[in-house]
Amino acid sequence: MEKLRITIGMALLGIMCCAHSGYAVGFYDQTPAYSPFEIELDIGYMSGETLLEYGDVLELADGISEELLPFPNDELKLSFNTLFATIRSTNRLTRNTHLILDLGKTMQSNTGPIEQSVYDDAGEVTTVIASDSERNEVIRVEPKFRYYFINSEYKENGKKQLYMGVGYMYQDIYAFSDEFTQTTGGTSTSVTGNEWVAYHANIQFPYIEVGFARTVWFDTLFDINAAAGAATIVDRWEDGLSSLKTKGNHVGTGGLLNLKLSWELSRHYTAFVNTRFNYVSGIGTGKQTRVTTTGDGPAGEIGDYDSRFQHVDALFTVGFSYQFVDK
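Just so we're aligned, residue 34 is where the sequence shown starts under my numbering, counting upward by one.
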């Protein structure tokens with residue numbers, strides 16, 4: 034009987050030891066290694082387009098007269114095909130509350146063509162002015178706050194995360210060229226020297242995001258998030274060919290979609306690939322001014338146009354991150 038008691042006691046002790054050690058080597062680990070700060074660096078390829086259109090009713094500067102115009106009467110299209118680099122810092126205030134800052138910029142100056150089209154009253158294109166931009170760049174600053182409702186990690190099944198966040202994207206777009214091919218009535222003419230086209234736009238896009246991440250095959254962490262919000266755009270278009278300046282203000286909406294695959298290489302290093310889609314559009318008005326007296330009219334304010342703005346880009350990058358792990 035005594036031997037049976039000893040045997041049962043040893044068995045119970047063994048079960049308790051196994052249950053206790055299961056946290057370390059077995060079944061569930063919700064707080065493995067806490068990384069309060071992380072730096073990411075990635076580089077890749079951006080392809081996108083910015084479209085600006087003016088037209089409809091032109092309210093002249095005297096405040097009384099109006100001139101009916103087709104929409105669009107004038108159109109400017111910028112294309113972006115360039116290398117793009119991003120650096121991101123993540124500050125984990127707690128395990129579930131993160132502050133994130135993204136800084137991104139194009140890595141090439143000549144990123145794509147500029148094309149300006151002028152329409153007649155029938156809506157037909159009468160003049161096309163095209164060039165390869167001498168300087169064309171995109172700069173993005175994007176802070177965000179993210180809260181994880183689920184942020185767990187299992188030894189056997191990997192990570193599982195569900196989060197929401199609020200962010201603010203500021204995007205600056207600039208393009209300049211002083212060498213053109215102007216086509217009117219089927220006749221093309223090269224234009225160089227003191228004539229130029231310069232375009233500058235500032236996009237401000239506060240948004241709300243929702244995301245989900247889960248470890249899938251081969252220890253790959255799949256992370257997808259989407260965001261939407263209101264957008265405001267301020268742009269300036271200087272057309273040295275016709276001595277015109279136009280400043281527009283637009284209000285609209287925007288959306289983001291981000292897909293990310295990452296692989297943990299060690300306690301400190303993680304490699305990843307990332308795909309991001311960005312869309313912003315808005316409608317508003319633009320005020321046009323003639324800088325110098327030309328054959329089209331005297332210098333001074335001309336009037337207000339209706340306007341429409343649209344920007345879309347896709348970004349594919351690869352990179353790595355470094356985590357300052359604190360056990």
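For every residue, glycine included, the Cβ atom is placed at its ideal position computed from N, Cα and C.
Distance CB(residue 82)-CB(residue 105) smaller than 8 Å:
Residue numbering aside, residue 82 sits at position 49 when the sequence shown is read from its first letter. Residue numbering aside, residue 105 sits at position 72 when the sequence shown is read from its first letter. Going by C-beta atoms, residue 82 is not nearer than 8 Å to residue 105.
Would you be able to state if there are at least three C-beta pairs under 8 Å between the segment 200-215 and the segment 180-192?
no
With 16 other Cβ atoms within 10 Å as the buried cut-off, status of residue 124
Working through the sequence shown from its first residue, we reach residue 124 at position 91. Flag for residue 124 reads exposed.
Put residue 104 into one of helix, strand or coil per three-state DSSP.
Start at 1 with the first residue of the sequence shown, and residue 104 comes out as number 71. Residue 104 falls in the coil class under three-state DSSP.
Ignore the nearest five residues each way along the sequence and tell me which others in residue 84's own chain have a CB closer than 6 Å to its CB.
For this step, residue 84 is matched to residue 51 along the sequence shown. Correct list, in chain order: 110, 343.
Tell me the DSSP bridge mates of residue 269?
On the sequence shown, position 236 is the one that residue 269 refers to. Bridge partners of residue 269: 233, 280.
Tell me, to the nearest whole angstrom, how far the beta carbon of residue 254 is from that of residue 295; I am working on the premise that it is less than 8 Å.
Numbered from its first residue, the sequence shown carries residue 254 at position 221. Numbered from its first residue, the sequence shown carries residue 295 at position 262. Yes, they are in contact, since the Cβ atoms of residue 254 and residue 295 sit about 5 Å apart, within 8 Å.
Helix, strand or coil: how does DSSP classify residue 211 here?
Taking the sequence shown and counting its residues from 1, one reaches residue 211 at position 178. Reduced to three states, the DSSP call for residue 211 is coil.
Beta-carbon contacts of residue 267 that lie in its chain and below 6 Å, excluding the five residues immediately before and after:
In the sequence shown, the residue the question calls residue 267 occupies position 234. Closer than 6 Å at Cβ, skipping near neighbours: 235, 282.
Give a yes or no on whether the C-beta atoms belonging to residue 78 and residue 113 are separated by under 8 Å.
One-based indexing of the sequence shown puts residue 78 at position 45. One-based indexing of the sequence shown puts residue 113 at position 80. No. Outside cutoff.
By Cβ distance below 8 Å, which residues in the same chain neighbour residue 201 in space, the five residues on each side in sequence not counted?
One-based indexing of the sequence shown puts residue 201 at position 168. Excluding sequence neighbours, residue 201 sits near 175, 176, 177, 237, 238, 239, 240.
Give me, in chain order, the residues of the same chain whose beta-carbon lies closer than 6 Å to that of residue 354; leave out the 5 immediate sequence neighbours on both sides.
Position 321 of the sequence shown, counting from 1, holds the residue named residue 354. Contacts found: 71, 73, 303.
Where do the N-terminal and C-terminal ends of the beta strand (DSSP E) with residue 184 fall, by residue?
For the purposes of this step, residue 184 is taken as residue 151 along the sequence shown, with counting starting at 1. Here the beta strand (DSSP E) through residue 184 covers 168-187.
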